[in-house]
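Notes for the one structure printed next.
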Amino acid sequence: MTIRPLYDANASAGGKDLGDLPEWDLTDLYPDPDSADLKRDLDWLEEACRSFATDYEGRLGALDAAGFLELVQRHERIESVAGRIMSFAGLRYYQQTTDPQRAKFLSDMQERITDCTTPLVFFSLEMNRLDDGFLDGLFAADADLARYKPAFDRIRAMKPYQLSDEMERFLHDMGVVGDAWERLFDETIAGLTFTVDGAELNLEGTLTLLTEQERPKREAAAREVARVLGGNIRTFARVHNTQTKEKEILDRWRGMPSPQTGRHLSNDVEPEVVQALRDAVVAAYPRLSHRYYELKRKWLGLDVMQVWDRNAPLPLEETRTVGWDEARETVMTAYSGFDPRMAEIARPFFDRGWIDAAVKPGKAPGAFAHPTVTDVHPYIMLNYLGKPRDVMTLAHELGHGVHQVLASDQGEMLSSTPLTLAETASVFGEMLTFQRMLDHARNDAERKVLLAGKVEDMINTVVRQIAFYDFECKLHEARRGGEMTPDDINALWMSVQAESLGPAFAFMEGYETFWAYIPHFVHAPFYVYAYAFGDGLVNALYAVYEESPEGFRDK
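In this note's numbering, the protein residues as written are 1412 to 1966.
What follows is the structure, encoded as structure tokens:
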């Protein structure tokens, strides 16, 4: 069992003298890896899974509504305990992915949870053999049970692709092997060292230099990223080849018509909707990214832009560092301005050790909000270094956190959200924060900088993520034809980058390797289109809010 965090598409960092940055206090999960509470829960989980299978395997069709409700509640309790254990192990690991002891603890917990939960594999398989009419009758007989219907619908969506009971148990047990390849990726990324102007940096610190005002510094950072990724490209190619081949085998055995089918099912979205989204965005490249970057090329006074200019600040932009206290105040004021209740839900994240903000050696890159389980609370990870865009990342992840707190009342089976909707609160939080900053801009130049930054964030969230989606589609399709060399993967990457960024750009040698550090491709194939989906949805919602704010907050 692995609980995946939600990573932010636009996480960035930069700056110094940030004040006191918060660090996670994971004791709300467990005091430490050797705690008696953890041992007790592991022992309880093993017995609970065994007794669940003894009591229910082969009997689902004989249960009445009350019996089925008891089954669901017992299953939720098992999910909660297993999720608590894996959240603790995972979050400790994300803090220091290069620590062998933390990696071992995570691996040990994954294997232990997998062993414990193997007896539960029958549950979804047997659920999918039940007649629709039988389930409808149970829902009609008990309103408390009927509220779980959406969770059952998600389970039953996999019915056409279900394998034999024995094969499903085998795949369940084999899951830890795929997890090991993901850990190899994480540990490789976290262990990379980059040297720019004599300073040794990790990936986060190096990528943030791409937002510096001095162009030579941006170029040096980009070339160093290319050098280091190029030196490790065979490892990254091996990870991607293995992961995509594993997925191809699973999809083939399940009879899934495309590599994207599993993601569409989990997102509860029709393939035609995703294709329409993709086609609309690609058709708009000339009007969106191509047009904007041509404007930016002129603003920067360049004949042609390079990849290190994509996220460059405008010449009139002030170089400033946003301290942690200012970032907190900015976001909390924006949230409170929308509704004080939103700010009150967000406040404990700052006060109780629910945010880990500082950049540290070995820490996982990027940013995410981890829901953990519904009887604890979410945790937010940042790599905060004081860029104005880091403030937006805080607003984004805090939106996830508020959403996850509110959803926790639904229980384990109903609190999770399809990725297509999971970005709603987070992007809405960004919009609130951006609008507050825009309203308080001191002059036209500051407004221009803010608007340009927002346009770039939206391009990164929509255009860039759809280009990522196209890259993944091409990668998985090409892998079906055989092993891919690093050069093969590089060529796929460049084909979508040139198309999405447009004629304002030239591409330095080495940029073809930049696919290698994107975690979504490894951890969650085809995740990325959800960012574009969510951004479009939030823009529509925000327009409704601006037109008719009365009553919107309570909806």
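Beta carbons: idealized from backbone N, C-alpha and C, even for Gly.
At 3 residues or longer, what runs of the beta strand (DSSP E) sit wholly inside the stretch 1549-1636? Segments of the beta strand (DSSP E) lying fully in the stretch 1549-1636: 1605-1607, 1610-1612.
To the nearest angstrom, report how far apart A1557 and F1550 are at their CA atoms. By 1-based counting over the sequence shown, the position of residue 1557 is 146. By 1-based counting over the sequence shown, the position of residue 1550 is 139. Taking the straight line joining both Cα atoms gives about 4 Å.
Mapping DSSP to helix, strand and coil, what is M1716? Locating residue 1716 in the sequence shown gives position 305, counting from the first residue. Residue state, collapsed to three classes: strand.
Can you tell which of R1665, V1607, T1672, P1799 has its C-alpha closest to the C-alpha of L1868? Residue numbering aside, residue 1868 sits at position 457 when the sequence shown is read from its first letter. Checking the sequence shown, residue 1868 turns out to be Asp, not Leu. When only C-alpha atoms are compared, the closest one is P1799.
N- and C-terminal bounds of the beta strand (DSSP E) containing F1779: Along the sequence shown, one-based indexing puts residue 1779 at 368. If you look at F1779, you'll find it in the beta strand (DSSP E) that goes 1779-1781.
Classify M1578 as buried or exposed, calling it buried when 16 or more other Cβ atoms lie within 10 Å of its own Cβ. Within the sequence shown, numbered from 1, the residue matching residue 1578 stands at position 167. With fewer than 16 Cβ atoms within 10 Å of its Cβ, M1578 is classed as exposed.
Could you check the C-alpha separation between N1901 and T1924 for me, to the nearest Å? Position 490 of the sequence shown holds residue 1901. Position 513 of the sequence shown holds residue 1924. The alpha-carbon separation between N1901 and T1924 amounts to approximately 6 Å.
What are the boundary residues of the alpha helix (DSSP H) that M1895 is part of? In the sequence shown, the residue the question calls residue 1895 occupies position 484. It is not in any alpha helix (DSSP H) - M1895 carries neither H nor E in the DSSP assignment.
CA-to-CA distance, W1435 to A1424, given in whole angstroms: Mapped onto the sequence shown, residue 1424 falls at position 13. Mapped onto the sequence shown, residue 1435 falls at position 24. Confidence at A1424 is low in this model, with a pLDDT of 40, below 50, so its placement is unreliable and the value that follows should be read with caution. Their Cα atoms are separated by approximately 19 Å.
Any contact of the stretch 1932-1939 with the stretch 1718-1726, i.e. 3+ C-beta pairs under 8 Å? With a cut-off of 8 Å, the stretch 1718-1726 and the stretch 1932-1939 do not count as touching, because too few Cβ pairs lie within range.
Does the contact criterion of 3 or more C-beta pairs under 8 Å hold for the stretch 1450-1461 versus the stretch 1790-1807? Proximity of the stretch 1450-1461 to the stretch 1790-1807 falls short of the contact definition, fewer than three beta-carbon pairs being nearer than 8 Å.
Check whether the Cβ atoms of F1605 and V1639 lie closer than 7 Å to each other. Taking the first residue of the sequence shown as position 1, residue 1605 is located at position 194. Taking the first residue of the sequence shown as position 1, residue 1639 is located at position 228. Going by C-beta atoms, F1605 is nearer than 7 Å to V1639.
With a Cβ-Cβ cutoff of 7 Å, do Q1507 and G1773 count as a contact? Here the question's residue 1507 lines up with position 96 in the sequence shown. Here the question's residue 1773 lines up with position 362 in the sequence shown. In this structure, Q1507 lies near G1773, with their beta-carbon atoms less than 7 Å apart.
Taking 7 Å as the threshold (C-beta atoms), are D1801 and V1873 in contact? Within the sequence shown, the letter at position 462 stands for residue 1873. Within the sequence shown, the letter at position 390 stands for residue 1801. The Cβ atoms of V1873 and D1801 lie no closer than 7 Å to each other.
What residue range does the alpha helix (DSSP H) around E1792 cover? Locating residue 1792 in the sequence shown gives position 381, counting from the first residue. Checking the sequence, you will find Met at residue 1792 rather than Glu. Unbroken run through M1792 is the beta strand (DSSP E), 1790-1792; no alpha helix (DSSP H).
I need the straight-line Cα distance from F1944 to L1809, nearest angstrom please. Here residue 1944 is taken as the residue at index 533 of the sequence shown, counted from 1. Here residue 1809 is taken as the residue at index 398 of the sequence shown, counted from 1. Rounded to the nearest angstrom, the two C-alpha atoms are 19 Å apart.
Measuring CB to CB, does L1796 end up less than 7 Å from T1619? Counted from its first residue, the sequence shown places residue 1796 at position 385. Counted from its first residue, the sequence shown places residue 1619 at position 208. Going by C-beta atoms, L1796 is nearer than 7 Å to T1619.
Counterpart residues of F1916 in DSSP-defined beta bridges: Taking the first residue of the sequence shown as 1, we reach residue 1916 at position 505. DSSP, once it has assigned bridges, lists M1716 as partnering F1916.
Short of 7 Å in beta carbon distance, which residues of its chain neighbour A1562, apart from the five on each side in sequence? Order them along the chain. Looking up residue 1562 in the sequence shown gives position 151. Cβ within range, chain order: M1824, L1825.
Looking at the structure shown, is D1445 part of a helix, part of a strand, or coil, going by DSSP? Looking up residue 1445 in the sequence shown gives position 34. Residue state, collapsed to three classes: coil.
Taking 6 Å as the limit between beta carbons, can you name the residues of its chain near E1630, skipping five residues before and five after? Position 219 of the sequence shown, counted from the first residue, corresponds to residue 1630. Taken in chain order, the residues that qualify are W1719.
At the level of alpha carbons, what is the spacing between L1471 and Q1484? Position 60 of the sequence shown, counted from the first residue, corresponds to residue 1471. Position 73 of the sequence shown, counted from the first residue, corresponds to residue 1484. Roughly 14 Å separates the two Cα atoms.
Tell me the rounded alpha-carbon separation between F1534 and R1488. Looking up residue 1534 in the sequence shown gives position 123. Looking up residue 1488 in the sequence shown gives position 77. Those two C-alpha atoms are separated by around 14 Å.
Beta-carbon separation (whole angstroms), L1676 vs A1568, contact threshold 8 Å: Here the question's residue 1676 lines up with position 265 in the sequence shown. Here the question's residue 1568 lines up with position 157 in the sequence shown. Confirmed, Cβ separation roughly 5 Å.
Count the other C-beta atoms from every protein chain shown that fall within 10 angstroms of the C-beta of N1678, then say buried if there are 16 or more, exposed otherwise. For the purposes of this step, residue 1678 is taken as residue 267 along the sequence shown, with counting starting at 1. In this structure N1678 is buried. Its beta-carbon is surrounded by 16 or more other beta-carbon atoms within 10 angstroms.
Residues bridged to D1820 (per DSSP): Residue 1820 sits at position 409 when you count from the first residue of the sequence shown. In DSSP, D1820 forms no bridge with anything.
Give me the Cα-Cα distance between S1837 and D1448, rounded to the nearest whole angstrom. Here residue 1837 refers to the residue found at position 426 of the sequence shown. Here residue 1448 refers to the residue found at position 37 of the sequence shown. Approximately 33 Å, taken between the alpha carbons.
Start-end ranges of the alpha helix (DSSP H) lying completely within the stretch 1493-1541, minimum 4 residues: Taken in chain order, the complete alpha helix (DSSP H) segments of 4 or more residues contained in the stretch 1493-1541 are 1511-1528, 1533-1538.
Would you report the Cα separation of E1593 and D1850, rounded to the nearest angstrom? Within the sequence shown, the letter at position 182 stands for residue 1593. Within the sequence shown, the letter at position 439 stands for residue 1850. Their Cα atoms are separated by approximately 43 Å.
Just grab the DSSP bridge partners of I1766 for me. Counting from 1 along the sequence shown, the entry for residue 1766 is found at position 355. For I1766, which the question treats as bridged, DSSP gives the partners I1791.
If I follow the unbroken alpha helix (DSSP H) through E1957, where does it start and stop? Residue numbering aside, residue 1957 sits at position 546 when the sequence shown is read from its first letter. Segment 1940-1958, the alpha helix (DSSP H) holding E1957.
For G1913 and A1637, believed in contact at Cβ under 8 Å, the rounded distance: Within the sequence shown, the letter at position 226 stands for residue 1637. Within the sequence shown, the letter at position 502 stands for residue 1913. Incorrect: roughly 21 Å between the Cβ atoms, too far for contact.
Could one say the Cβ of E1729 lies closer than 7 Å to chain C's Cβ atoms, at least one of them? The chain labelled as chain C is not found in the depicted structure, where only one protein chain is given.
Round the Cβ separation of D1452 and V1492 to the nearest angstrom and send it over; I've been treating them as touching at under 8 Å. In the sequence shown, residue 1452 corresponds to position 41, counting from 1. In the sequence shown, residue 1492 corresponds to position 81, counting from 1. Rounded to whole angstroms, the Cβ separation of D1452 and V1492 is 5 Å, and the two are in contact under 8 Å.
By the three-class DSSP mapping on this structure, what secondary structure does A1648 have? For the purposes of this step, residue 1648 is taken as residue 237 along the sequence shown, with counting starting at 1. Note: A1648 maps to helix in three-state DSSP.
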